[in-house]
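Working notes, structure below.
Numbering (this note's numbering), first residue to last: 11 to 245.
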């Protein structure tokens with residue numbers, strides 16, 4: 011069986027703040043409205059619930075949740091409740107959807123930073139579209155490793171998909187909110203910025219390629235540079 015890692019540049023404290031916040035999600039809420047409610051923009055409701063739709067049949071027929079609704083599971087996180095205790099793994103899937111959303115938010119912050127710097131660098135008369143596009147890609151990539159603004163907002167993981175499961179011996183298991191632990195996978199490792207050096211220095215890369223070590227090191231270095239946390243999901 012093959013395993014792999016997906017990794018996200020995020021804020022663990024922002025994720026933690028969702029649990030039990032008692033905020034009622036609405037399809038009509040804009041990013042600005044959610045920012046007022048939460049302190050940061052959050053529009054993951056649809057993407058998160060979409061990720062669970064493929065499990066509808068399994069939840070209803072194999073686990074007996076005939077009234078299963080993905081949006082209810084999502085609302086559970088905000089209410090601090092667990093409606094589907096027999097299938098704890100669905101909350102881990104939602105957790106990753108939230109991590110993705112916060113990565114996208116951060117990507118947006120970086121883009122806005124670039125726009126401001128670009129305006130300061132060039133006068134409006136010389137703001138050439140081609141130069142803007144070239145410098146935009148370079149700037150955003152330097153801070154997020156995202157080359158294409160429309161691609162999936164996760165850090166590059168080509169050297170860790172697939173990978174040996176032995177890596178979990180060195181990545182601390184930590185859920186950023188008190189959701190029930192999945193029986194098997196995903197394995198979730200949340201690493202605070204302050205712990206990045208300690209965790210990385212304890213990893214034994216014996217059996218892993220030089221390229222794999224280098225790629226993982228870029229994750230940790232980027233998180234340190236941007237003063238962000240890392241959350242990794244092993245499936």
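Even for Gly, the Cβ is constructed at its ideal location relative to N, Cα and C.
Bear in mind the structure is a predicted one, so any value in this text is a computation, not a measurement.
Extent of the continuous beta strand (DSSP E) to which residue 24 belongs: Along the chain shown, read from residue 1 onward, the residue named residue 24 stands at position 14. Here residue 24 belongs to no beta strand (DSSP E); instead the alpha helix (DSSP H) covers 22-28.
Element boundaries [alpha helix (DSSP H), containing residue 232]: Position 222 of the chain shown, counted from the start, is the residue given in the question as residue 232. Counting along the chain, the alpha helix (DSSP H) containing residue 232 begins and ends at 220-236.
Which listed residue (104, 13, 72) has its alpha carbon closest to that of residue 86: Numbered from 1 along the chain shown, position 76 holds the residue referred to as residue 86. Per the Cα distances, 104.
Beta carbon proximity, residue 222 to chain C, threshold 8 Å: Absent here is chain C; the protein component of the structure consists of one chain.
Selected residue, minimal CA-CA separation from residue 244, among 196, 124, 236: Taking the first residue of the chain shown as position 1, residue 244 is located at position 234. Answer by Cα proximity: 196.
Residue burial classification, residue 126 (beta-carbon count within 10 angstroms, cutoff 16): Residue mapping note: residue 126 aligns to position 116 of the chain shown, counting from 1. Residue 126 is classed as exposed because its beta carbon has fewer than 16 other beta carbons within 10 Å across all chains shown.
Contact under 8 Å by Cβ, residue 233 with residue 203: Position 223 of the chain shown, counted from the start, is the residue given in the question as residue 233. Position 193 of the chain shown, counted from the start, is the residue given in the question as residue 203. Contact flag set, yes.
Start and end residues, alpha helix (DSSP H) containing residue 80: In the chain shown, the residue the question calls residue 80 occupies position 70. Run containing residue 80: 80-89, per the alpha helix (DSSP H) assignment.
Per-residue DSSP class, three states only, for residue 162: Within the chain shown, residue 162 is the residue found at index 152, counting from 1. A caution first: residue 162 carries a pLDDT of 49, below 50, which makes its placement in the model too unreliable to give a value.
Reduced DSSP secondary structure (H/G/I, E/B, other) of residue 197: One-based indexing of the chain shown puts residue 197 at position 187. Note: residue 197 maps to strand in three-state DSSP.
One or two residues paired with residue 239 in a DSSP bridge: Numbered from its first residue, the chain shown carries residue 239 at position 229. Residue 239 is bridged to 20.
DSSP state of residue 121 mapped onto helix, strand, coil: Against the chain shown, residue 121 aligns to sequence position 111. Assignment of residue 121 by DSSP, reduced to helix, strand and coil, places it in the helix class.
Start-to-end residues for the alpha helix (DSSP H) that takes in residue 211: To locate residue 211, count along the chain shown from 1; it is residue 201. Per DSSP, the unbroken alpha helix (DSSP H) holding residue 211 starts and ends at 206-211.
Best match in 26, 165, 194 for proximity to residue 175 [C-alpha to C-alpha]: The residue you call residue 175 lines up with position 165 of the chain shown. Closest option to residue 175, Cα to Cα, is 194.
Local Cβ density within 10 Å of residue 101, reported as buried at 16 or more and exposed below that: By 1-based counting over the chain shown, the position of residue 101 is 91. The residue in question, residue 101, is buried, as its Cβ has 16 or more Cβ neighbours within 10 Å.
Same chain only: Cβ atoms within 6 Å of residue 200, ignoring 5 sequence neighbours per side: In the chain shown, residue 200 corresponds to position 190, counting from 1. The residues are 22, 184, 186, 241.
Same chain, Cβ closer than 6 Å to residue 78, five either side skipped, listed in chain order: Mapped onto the chain shown, residue 78 falls at position 68. Correct list, in chain order: 69, 70.
Coarse secondary structure for residue 75, derived from DSSP in three states: Indexing the chain shown from 1 puts residue 75 at position 65. In the three-state reduction of the DSSP assignment, residue 75 falls in the coil class, being assigned neither a helical nor a strand state.
Cα-Cα separation between residue 238 and residue 19, rounded to whole angstroms: As a first step, residue 238 is located in the chain shown; it is residue number 228 there, counting from the start. As a first step, residue 19 is located in the chain shown; it is residue number 9 there, counting from the start. Cα-Cα distance, rounded: 6 Å.
Sheet register partners of residue 249 (DSSP bridge): Any question about residue 249 goes unanswered here, given that the chain covers just 11 to 245.
Residue 84 vs residue 170 beta-carbon contact at 8 Å: Taking the first residue of the chain shown as position 1, residue 84 is located at position 74. Taking the first residue of the chain shown as position 1, residue 170 is located at position 160. Cβ atoms of residue 84 and residue 170: not closer than 8 Å.
From 65, 205, 90, 74, residue whose alpha carbon lies closest to that of residue 30: To locate residue 30, count along the chain shown from 1; it is residue 20. The candidate whose alpha carbon is nearest that of residue 30 is 90.
Short Cβ contact (8 Å threshold) for residue 15 with residue 167: Within the chain shown, residue 15 is the residue found at index 5, counting from 1. Within the chain shown, residue 167 is the residue found at index 157, counting from 1. Yes, the Cβ-Cβ distance between residue 15 and residue 167 is below 8 Å.
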